[in-house]
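Student: The opening position of the sequence shown corresponds to residue 0 in numbering that gives the first Met the number 0, with each subsequent residue numbered one higher. Quick reminder that beta carbons are idealized off the backbone N, C-alpha and C, glycines included. Computed from a predicted model, the values in this text were never measured in an experiment.
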Amino acid sequence: MANANPIATTRADPAFPHSLTISVPLPTPRLATTLMRSLAVDQELSPLVHRDFHAHGSTLVVSYKATTARMLRVATNGVFESLGTLLRLVEELDVGVMSEEGL
């Protein structure tokens, strides 16, 4: 039977034994996709960390794998800072008033 959970857990990878999946519920699928695209622009700085962004409906899902717990912590701290900045920007601009075809 297929996995019923739409947000599947990351499979164990011996080269990257430390992992974390962050699920951020948002008001709309469009906002989840917009934040995903904004976060995915920057390349991961370390080859010791792999990350993946995707939107599942109105949920932004960020998955990290790292070689050490320290590298995982450093990488996820960075994404939390960026996510906080983006959410403050969205709140300030009130993107709900922008149309699909607009800005």
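Start and end of the alpha helix (DSSP H) containing V78?
Tutor: 68–92
Student: For I21, tell me which candidate among T66, D51, R87 has the shortest Cα-Cα distance.
Tutor: D51
Student: I'd like to know if the stretch 23–38 and the stretch 64–72 are in contact, where contact means that at least 3 CB-CB pairs between them fall below 8 Å.
Tutor: no
Student: Looking at the C-beta of H17, does it have a partner C-beta in chain C at a distance below 8 Å?
Tutor: In the structure shown, chain C cannot be found, because there is only a single protein chain.
Student: In chain order, what residues of the same chain have a beta carbon less than 6 Å from the beta carbon of A54, not counting five sequence neighbours either side?
Tutor: A31, T32, M35
Student: Give the DSSP-derived three-state secondary structure of L19 in the structure shown.
Tutor: strand
Student: Do P16 and S57 come within 8 Å of each other at the CB atom, strictly closer than that value?
Tutor: no
Student: In terms of residue numbering, what span does the beta strand (DSSP E) encompassing S62 cover?
Tutor: 58–65
Student: Would you mind working out which of L92, V48, A39 sits nearest S18, comparing C-alpha positions?
Tutor: Distance check between S18 and each of L92, V48, A39 places V48 closest, using alpha-carbon atoms only.
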